[in-house]
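A short write-up of the structure that comes next.
Numbering (our numbering), first residue to last: 68 to 227.
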């Protein structure tokens with residue numbers, strides 16, 4: 068992904084990590100969504116369980132928006148392309164969650180800080196491998212619906 072146009076279409080892991088850390092970036096739908104997802108995970112940590120449904124719905128909307136963007140800007144994958152177990156949006160959501168946990172640890176002991184950012188780096192590598200494969204046409208996103216957690220405060224339906 069050395070072409071400047073490719074970096075704009077599907078940003079690399081460095082730009083994505085910067086967006087998750089809240090650093091300024093060029094206006095881009097994936098980077099905007101990654102930054103918002105990170106903030107939603109920060110908010111979610113302090114939110115009562117009964118109020119998480121609204122946050123999770125917004126996360127699902129952002130994941131879907133990322134996946135739609137990636138579908139529009141990447142080539143049609145080869146028929147024999149490897150199917151990845153997660154969509155780009157789902158990987159970005161997980162990366163945002165890890166980043167939201169790692170950012171507050173800037174003053175933590177070095178082993179804790181290192182281990183946390185190592186996990187963030189591994190997830191960033193997963194993102195980069197996935198988007199490289201999608202851009203090359205050698206990977207395919209999964210063909211399944213989106214997971215939306217159930218509202219824990221909603222009462223189960225009863226059959227009467």
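Virtual Cβ for every residue (Gly too), placed ideally from N, Cα, C.
Checklist entry - So what does DSSP say about residue 143, is it helix, strand or coil? => result coil
Next on the checklist: Under DSSP, the alpha helix (DSSP H) around residue 201 begins and ends at which residues?
Outcome noted: 177–203
Checklist entry - Which residues share a DSSP beta bridge with residue 161? => result Paired residue(s): none; residue 161 is not in a bridge.
Next on the checklist: I'd like to know whether the C-beta atoms of residue 109 and residue 167 end up nearer to each other than 7 Å.
Outcome noted: yes
Item to check | Cβ-Cβ separation, residue 122 to residue 113 (assumed contact under 8 Å), whole Å | outcome: That belief does not hold up - the Cβ atoms of residue 113 and residue 122 are roughly 11 Å apart, past 8 Å.
Checklist entry - Ordered along the chain, which non-local residues of its own chain (more than five positions away) have a Cβ less than 6 Å from that of residue 180? => result 172
Item to check | Touch test, the region 148–155 against the region 203–212, Cβ-Cβ under 8 Å, three pairs minimum | outcome: yes
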